[in-house]
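See structure below.
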Amino acid sequence: MASLLENMNIPPCIWFESGDKRNAVASIVAGILFFIGWWFIIDAASVYPQLMNGAYHVCGIFGTISLVMVNSVSNAQVRGDAYEGGCMGPRGARIWLFLGFVMGFASVIASCWILFANFVATEVVHQWPGVGLFLQNSFIFIASLLYKFGRSEDLWG
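FYI, in the working numbering the residues of the sequence shown are 136 to 292.
Put into structure tokens, the structure is as follows:
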């Protein structure tokens, strides 16, 4: 039996063949955090549908839009090195990045507000929907930061 398994060749993963794995690892971890964040709210909404108001999902949607906004602007565009087009140039890229961060912070703050106002301060038997909402937005915001600042743009060429 041992000789059979010794002769098996498993091809290596082509993502990790290069020397620098920072971009791949940062992207994978950010994607896993984003998935876990949405999984928390899906779990809370499916287990306690009577406690989950439909408006609570707006926080996660704005957090997701924030992730896209923050990561659609490269660091070179913010510095003004690689961006000369558009109506506002690097100033527009900086405003877009700022608005993305404001949206991300606002979604985390709003979910924290909902957690404490509707689940901690009141006599609710189950606090998991509020905790799940807060964890969702926290994980999405951490994933956004990790995806933005965890990757190196020098490898892009």
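Glycine included, every Cβ here is placed at the ideal spot set by N, Cα and C.
8 Å Cβ shell around residue i - same chain, five flanking residues per side excluded
i, result
"Leu168", "Phe274, Ile275, Ile277, Ala278 and Leu281"
"Met238", "Phe197, Gly198, Ile200, Ser201 and Met204"
Residue burial classification, residue i (beta-carbon count within 10 angstroms, cutoff 16)
i, result
"Met204", "buried"
"Phe284", "exposed"
"Gly189", "exposed"
"Gln185", "exposed"
"Pro187", "The question names Pro, but residue 187 in the sequence shown is Met. Buried, since its Cβ has 16 or more Cβ neighbours within 10 Å."
"Ser287", "exposed"
"Phe170", "exposed"
"Gly166", "exposed"
"Gln242", "Here the sequence assigns Ser to residue 242, which means Gln is not the residue at that position. Flag for Ser242 reads buried."
Same chain, Cβ closer than 6 Å to residue i, five either side skipped, listed in chain order
i, result
"Tyr183", "His261 and Pro264"
"Asn206", "Tyr282 and Lys283"
Residue j beta carbon less than 7 Å from that of residue i
i, j, result
"Trp174", "Val208", "no"
"Gln271", "Ile176", "yes"
Close-in-space but distant-in-sequence residues of the same chain around residue i (CB under 7 Å, 5 per side omitted)
i, result
"Cys247", "Phe269"
"Val266", "Leu250"
Pairs of beta-carbons, one from the stretch 186 to 196 and one from the stretch 207 to 227, closer than 8 Å: are there three or more? no
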